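**Q** Numbering (the UniProt record's numbering) for the sequence shown: 1 to 337. Supplied in structure tokens, the structure appears directly below.
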Amino acid sequence: QWYEGPLWLRDSRDKWPDFELSPDETVIYAEKKKIIVSSLNKENDKFYNDISSYKRIIRVTSWIYRFYENTKTCNKKTGELSKEELKKAELKILKKVQEDSFQGEKVQRLKSLPTFIDADGILRIKTKLLMREDDENFKIPIVLPSDHHVVKSLILSKHQDLGHPGVQSLMETPNSSTIDLDRIKLIDKTELNKRLVYRKRLMSDLRARFRNEYLGQLHQRSKIRKQMYIPKIGDIVLIWNDNIKRIYWPLGRILSVFSSKDGIIRRAKIKTKSGIVIRPIQKLCPLELDGESVTNKDKVPDTPEDYARRSFRDIPVPTPATSRAGRIVRPPSRFSP
């Protein structure tokens, strides 16, 4: 059998069969071909591919450059990262992104754009705002690919900083992401005092406008001519409810009413099947019934004497059906076995 092998394997080597093979060399070398095999090792040693946060990528790069600079000098830098170190690391990362992305065929897409390379080796685009006094990143923005990991992290960081806005709001964000320190004014005692005086004046102006423009408009209320519906105790009403359909509005009876200082009825206490509630009269829909009309006078007679008192003369007598010959037609009776 196949899992035991041939029987001659159990014997000694002297008893094994001897076969002489004579292969055909022409057949063996007929399909012999040369094959060239080459192996390509793709390097993926970029550390920022494993970091999802754009700010963290910049900070890690800054620490790497600080370590590199400290190895070349005795005056080692310590403490928190400075603004210059963060800006330098960001430019290095963006330059590396451009080197990875704009190679080969992708460079052809940039021929239609007025691009140039600045002093830091960053590829930028010339715009019509060169003569404007504004931030450099706004006048000549940096060219970045849309499918790079660092660029996607930058967009996500902007999206989170702006409070998760929509696509249109995120696209309308200015191109400049940083601000120079020389554009920020120094705050001293004089500036704080000016700000305090301005806030007090602003608060008093808001109070004056609130009194004149809003509270003054409340006096221009039109006079109430006549109250269309005057609720009375005992009236049957429907209670208005915007959350349910009109057919399911609760039905109730007015127990008492409440008047305001001007003598006009404003609210009413109503008894429903679920309890007693207080509602304004604007939420009450009166029915064509009141407390006086809903009585127990109209009752259905329950005793035979009540039926006997009625006059049977007014009751119409049914006319029997007759045939053409004048005979009364009797209704057929059902067969009962």
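All C-beta atoms in this analysis are idealised placements derived from N, C-alpha and C, irrespective of residue type, glycine included. The model shown is predicted, which means the values in this text are computed figures rather than measured ones.
According to DSSP, which residues form a beta bridge with S256?
**A** DSSP output for S256 lists K269 as bridge partner(s).
**Q** Should the segment 54 to 66 be called in touch with the segment 87 to 106, which here means at least 3 C-beta pairs below 8 Å?
**A** These segments touch.
**Q** Who are the near neighbours of W249 in its chain, counting only those whose CB is closer than 8 Å to its CB and skipping five residues on each side?
**A** Only L238, I239, W240, N241 and C285 meet the Cβ criterion.
**Q** If I measure Cβ to Cβ from E133 and keep anything under 7 Å in the same chain, skipping five residues before and after, which residues do I get?
**A** Around E133: no qualifying Cβ.
**Q** Taking the DSSP output, what are the residues bridged to I122?
**A** Note: I122 sits in no beta bridge, so no partner.
**Q** Identify which residue in R246, F258 and I247 has its Cα closest to the Cα of I233.
**A** Answer by Cα proximity: F258.
**Q** Mind the definition here: the segment 110 to 117 touches the segment 73 to 88 only if three or more C-beta pairs lie below 8 Å; say whether that holds.
**A** Touching, no.
**Q** Please name the residue in H148, V150, T127 and D147 whose C-alpha comes closest to that of I140.
**A** Nearest of H148, V150, T127 and D147 to I140, Cα basis: T127.
**Q** Quick one: what's got a C-beta closer than 8 Å to L130's C-beta in the same chain, skipping five residues either side?
**A** Only K139 and I140 meet the Cβ criterion.
**Q** First and last residue of the beta strand (DSSP E) that includes F116?
**A** F116 -> beta strand (DSSP E) spans T115 to I117.
**Q** Between residue 340 and the rest of its own chain, which residues show a CB-CB distance below 7 Å, the 5 nearest in sequence each way excluded?
**A** For residue 340 there is no data in the structure shown, the boundaries of the chain being 1 and 337.
**Q** Could you spell out where the alpha helix (DSSP H) holding R195 opens and where it closes?
**A** K189 to R209 is the extent of the alpha helix (DSSP H) around R195.
**Q** Have a look at R56, L7 and P23 and flag the residue whose alpha-carbon is nearest the alpha-carbon of W16.
**A** That would be L7, whose Cα lies nearest to the Cα of W16.
**Q** With a cut-off of 8 Å on the beta carbons, I'd call I254 and P280 a contact; round off their distance for me.
**A** About 13 Å; that fails the 8 Å criterion.
**Q** Who are the Cβ neighbours of residue 377 in its own chain at under 8 Å, not counting the five residues just before and after it?
**A** An answer regarding residue 377 cannot be provided, because it is not within the stretch 1 to 337 covered by the chain.
**Q** Quick one: what does DSSP say T61 is sitting in, helix, strand or coil?
**A** Helix, per DSSP.
**Q** Does the distance from the CB of residue 385 to the CB of K55 come in under 8 Å?
**A** This structure cannot speak to residue 385, because the chain is shown only from 1 to 337.
**Q** Residues in the same chain with beta-carbon distance under 6 Å from M228, minus the five sequence neighbours each way, listed in chain order, please.
**A** Nothing meets the Cβ criterion.
**Q** Spell out the partners DSSP gives P231 in its beta bridges.
**A** Answer by DSSP bridge pairing: none, since P231 is not bridged.
**Q** Straight-line CA distance for I276 to D262?
**A** Computed Cα separation, rounded: 26 Å.
**Q** What's the gap between the Cα of S146 and the Cα of F210?
**A** Between S146 and F210, the C-alpha separation is close to 51 Å.
**Q** Relative to the C-alpha of Q98, which residue among K88, L86 and G121 is closest?
**A** Among K88, L86 and G121, the Cα nearest to that of Q98 belongs to G121.
**Q** Just how far apart, CA to CA, sit Q282 and V317?
**A** If I take the Cα positions, the gap works out to 55 Å.
**Q** Is DSSP giving I140 helix, strand or coil here?
**A** In the structure shown, I140 sits in coil (DSSP, three-state: anything other than H, G, I, E or B).
**Q** Which whole-angstrom value is the C-beta distance of V151 and Y48, which I expect to be below 8 Å?
**A** Not confirmed; about 11 Å, so no contact.
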